[in-house]
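Protein chains in written order, with this note's numbering: chain A, 584 to 717; chain H, 584 to 717; chain C, 584 to 717.
As structure tokens, the structure follows; a few thoughts come after it.
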């Protein structure tokens, strides 16, 4: 199995970070198989969405609505609303597996691979890419 | 890796399409491994649910409630509410990986594999099936 | 492919069951690859979250809010609110795939693998673990 870890800067604001180009590069020349994308953090998730037409902000607004910051969260260390950040990965799983055909992730035209990080307390994130072939 | 693409007709209304029989057929005689199901679209997702007892409609009603059509979506091309369709795949991921044992997906008795497509603007959809063995 | 089935007791109350130690043991000495965790049930899901600081209860409270028990569910057999249990696996998928490096799931420090079971009518659950290497 080929595996490597990306280092991302996600900053202090809720962020949607496109890593499609990183995954494309990782898969080059790897032929047919499955690529697994994995975020080893408890307050970040992954999604496959269109970007560049407003959906990034729509997604963050939806998550803010579904994971109400003012809820009386039991998990209370960190910044206000940090309890919500810890529920995020249950809804947006930190693992995605995508087929690779002829060295390219078989994404649709409008799909991008994004890391979603609501957490204000972590500036940097890792993403592990792993490729398995037959 | 064995891989093939299904063509589905999903129509103009929000739809839950059962593809379990297609995945069963794809896995026949493939022995032990993992089957990956992947929808290469930005406004459709996958789920593993019981069908035939009302849950398909319960799921569509829940999604309508969670992704309110009247929200002021930034993504605004397409039909009314199309901004919500673009958030769907963050909640219902377009990729699922299922173990295959003796040429059969190891599904529970009440699990079916469904494509969920809220989008009124796309009549046809693809699903890529990929099988990897040891 | 190495595959095995865990038997869990989840009880009559909504439950978040940590299976990280089971997955760790399963992966011992398996080298590099992907481990797939799969729940063959229509009213349970999986998540990767921090446990021990209140997030288990925050997650159950969030699910109760998002999947309102009083909703007029079409699916109506079983206990009150059982219709909601059937929508759960669409939001918390019953399948997760995690990279394994040197015989250990490459989890982050704060990530645990949990089974989430809202269902009051099933006391026991299965989880299938499967490992695929290059």
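Ideal Cβ positions, reconstructed from N, Cα and C, are used throughout, including at glycine.
At a Cβ threshold of 8 Å, is residue i touching chain C?
{"i": "residue 682 of chain H", "result": "yes"}
{"i": "residue 707 of chain A", "result": "no"}
{"i": "residue 621 of chain A", "result": "yes"}
{"i": "residue 701 of chain H", "result": "no"}
{"i": "residue 649 of chain H", "result": "yes"}
{"i": "residue 676 of chain H", "result": "yes"}
{"i": "residue 617 of chain H", "result": "yes"}
{"i": "residue 665 of chain A", "result": "no"}
So, does the CB of residue i fall closer than 8 Å to a CB anywhere in chain H?
{"i": "residue 713 of chain A", "result": "no"}
{"i": "residue 717 of chain A", "result": "yes"}
{"i": "residue 586 of chain C", "result": "yes"}
{"i": "residue 673 of chain A", "result": "no"}
{"i": "residue 691 of chain C", "result": "no"}
{"i": "residue 591 of chain C", "result": "no"}
Within this structure, are the beta carbons of residue i and residue j separated by less than 8 Å?
{"i": "residue 589 of chain H", "j": "residue 602 of chain H", "result": "yes"}
{"i": "residue 650 of chain H", "j": "residue 676 of chain C", "result": "no"}
{"i": "residue 646 of chain C", "j": "residue 630 of chain C", "result": "no"}
{"i": "residue 654 of chain C", "j": "residue 644 of chain C", "result": "no"}
{"i": "residue 621 of chain A", "j": "residue 681 of chain C", "result": "yes"}
{"i": "residue 627 of chain H", "j": "residue 684 of chain H", "result": "no"}
At the 8 Å Cβ level, is residue i part of the contact set with chain A, yes or no?
{"i": "residue 670 of chain H", "result": "yes"}
{"i": "residue 686 of chain C", "result": "no"}
{"i": "residue 658 of chain H", "result": "yes"}
Rounded to the nearest angstrom, what separates residue i and residue j at their Cα positions?
{"i": "residue 674 of chain H", "j": "residue 611 of chain H", "result": "30 Å"}
{"i": "residue 618 of chain H", "j": "residue 639 of chain H", "result": "23 Å"}
{"i": "residue 606 of chain A", "j": "residue 661 of chain C", "result": "45 Å"}
{"i": "residue 587 of chain A", "j": "residue 688 of chain H", "result": "30 Å"}
{"i": "residue 715 of chain C", "j": "residue 616 of chain C", "result": "6 Å"}
{"i": "residue 633 of chain A", "j": "residue 704 of chain A", "result": "27 Å"}
{"i": "residue 637 of chain C", "j": "residue 591 of chain C", "result": "22 Å"}
{"i": "residue 598 of chain A", "j": "residue 690 of chain A", "result": "22 Å"}
{"i": "residue 706 of chain A", "j": "residue 596 of chain H", "result": "42 Å"}
{"i": "residue 702 of chain C", "j": "residue 600 of chain A", "result": "36 Å"}
{"i": "residue 594 of chain H", "j": "residue 635 of chain A", "result": "27 Å"}
{"i": "residue 694 of chain A", "j": "residue 694 of chain H", "result": "27 Å"}
{"i": "residue 700 of chain H", "j": "residue 604 of chain H", "result": "18 Å"}
{"i": "residue 648 of chain C", "j": "residue 648 of chain A", "result": "12 Å"}
Sorted by chain position, which residues of the same chain lie with C-beta nearer than 7 Å to residue i's C-beta, five sequence neighbours on each side aside?
{"i": "residue 623 of chain A", "result": "709 and 711"}
{"i": "residue 686 of chain A", "result": "610, 611, 612, 613 and 614"}
Quick one: what's got a C-beta closer than 8 Å to residue i's C-beta in the same chain, skipping five residues either side?
{"i": "residue 625 of chain H", "result": "669 and 672"}
{"i": "residue 717 of chain H", "result": "615 and 616"}
{"i": "residue 658 of chain H", "result": "665, 666 and 669"}
Within the same chain, show all residues whose beta-carbon is closer than 6 Å to that of residue i, passing over the 5 residues directly before and after it, in chain order.
{"i": "residue 656 of chain H", "result": "666"}
{"i": "residue 585 of chain H", "result": "714"}
{"i": "residue 692 of chain H", "result": "none"}
{"i": "residue 609 of chain C", "result": "712"}
Selection of the region 593 to 613 of chain H by Cβ proximity to chain A, strictly under 8 Å: none
Selection of the region 631 to 647 of chain A by Cβ proximity to chain H, strictly under 7 Å: Within the region 631 to 647 of chain A, those residues whose Cβ lies closer than 7 Å to any Cβ of chain H are, in chain order, 631, 632, 633, 636, 637, 638, 640, 641, 642 and 645.
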